[in-house]
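Step one of this worksheet: look at the structure below.
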Amino acid sequence: MCGRFTLTVGLGEILERFQAEMADEWEHKPRFNAAPTQMLPVVRMDEESGTRTLTLMRWGLIPRWAKDRSIGNRLINARGETVDTKPSFRHSLRRARCIVPADGFYEWTSTSDGKKQPLRIILKGERLFAFAGLWDRWEDDEGGSVDSFTIITTRPNEKLAKVHNRMPVILHQEEEVSWLDTNIKNLDMVTALLEPYPAAEMELYPVSSLVNSPKNDQVKCIDPLC
Numbered sequence: 001m002c003g004r005f006t007l008t009v010g011l012g013e014i015l016e017r018f019q020a021e022m023a024d025e026w027e028h029k030p031r032f033n034a035a036p037t038q039m040l041p042v043v044r045m046d047e048e049s050g051t052r053t054l055t056l057m058r059w060g061l062i063p064r065w066a067k068d069r070s071i072g073n074r075l076i077n078a079r080g081e082t083v084d085t086k087p088s089f090r091h092s093l094r095r096a097r098c099i100v101p102a103d104g105f106y107e108w109t110s111t112s113d114g115k116k117q118p119l120r121i122i123l124k125g126e127r128l129f130a131f132a133g134l135w136d137r138w139e140d141d142e143g144g145s146v147d148s149f150t151i152i153t154t155r156p157n158e159k160l161a162k163v164h165n166r167m168p169v170i171l172h173q174e175e176e177v178s179w180l181d182t183n184i185k186n187l188d189m190v191t192a193l194l195e196p197y198p199a200a201e202m203e204l205y206p207v208s209s210l211v212n213s214p215k216n217d218q219v220k221c222i223d224p225l226c
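Sequential numbering from 1 applies to the sequence shown in the UniProt record's numbering.
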């Protein structure tokens, strides 16, 4: 699964990397321990203009048919193997795909003394990357709305298999165009992108237990343990 991630760079770098424009005004700050239910940057395609837009969405997908928003607390991830059949996700797979900018994510591994050691996983060069995501818009009875997203997961590559039995789908940069293009209706083409990222392109290192609490969102979260 993917339950925490990082996005430690400035707004300008995000916009340049993903060739996106701001959809609305909001203050960006680096995130060292992004967690579910928080409002986080997401890139989606504006169908009318054909431009990529960056906006804030709530992490934890609330399907449009949900009776209340609490279901989103459970839908922080979607399994790539079943995303085209699950009622919570199949509409978004066809009509509302997005990418979630990140530069790292966390997983926990068991130590010899039975404790859990957090690890930060990054791409070599610590470069920005895109999680494959889905979004939806939920409306309440008073006319308010919430845009929310989920991150798709897949089987782990050989490096992450030693840590967890799932990993988030990281798109290759050249695949991002196809993922965002909802004019592509062939779901076989779309789901073919939901593969493990190459292990040789990834690194991981142990970090402080500060990341165990989402209240801690500081640069010390990403510092390697000595």
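All C-beta atoms in this analysis are idealised placements derived from N, C-alpha and C, irrespective of residue type, glycine included. If you're wondering where the values come from, they're calculated on a predicted model, not measured in any experiment.
query	result
Hey, which unbroken runs of the beta strand (DSSP E) at 3 residues or more fall wholly within the stretch 40-65?	52-59
How close, in whole Å, do the beta carbons of Ile152 and Gly125 come, if the pair is a contact with beta carbons under 8 angstroms?	Not really, about 24 angstroms apart at Cβ, beyond 8 angstroms.
Using the C-alpha atoms, what's the distance from Pro41 back to Leu11?	10 angstroms
Please identify the residue among Gly3, Pro30, Ala192 and Leu7 whose C-alpha is closest to the C-alpha of Glu127.	Per the sequence presented here, residue 127 reads as Arg, with Glu not at that position. Minimum Cα distance to Arg127 is reached at Leu7.
Could you check whether Thr55 and Asp24 sit closer than 8 angstroms to each other, using their CB atoms as the reference points?	yes
Quick one: give me the first and last residue of the alpha helix (DSSP H) that Trp179 is part of.	Glu176 to Leu180
Given that a residue counts as buried once 16 or more other Cβ atoms are within 10 Å of its Cβ, and exposed if not, what is Leu9?	What sits at residue 9 in the sequence shown is Val, not Leu. Its Cβ being crowded by 16 or more others within 10 Å, Val9 is buried.
Could you tell me the boundaries of the alpha helix (DSSP H) in which Arg137 lies?	It is not in any alpha helix (DSSP H) - Arg137 instead sits in the beta strand (DSSP E) that spans Phe129 to Glu139.
Closest by CA to Gly72, which one among Trp59, Arg79, Val83 and Glu81?	Trp59
Are Thr191 and Gly80 close, meaning C-beta to C-beta below 8 angstroms?	yes
Can you check which of these residues, Thr150, Ser208, Pro214 and Leu193, is closest to Met1 by C-alpha distance?	Thr150
Could you spell out the range, first to last residue, of the beta strand (DSSP E) harbouring Arg31?	Arg31 to Ala34
Cα-Cα, which of Glu48, Gly50 and Met57 is closest to Trp26?	Met57
What are the start and end residues of the beta strand (DSSP E) that includes Arg120?	Lys116 to Leu123
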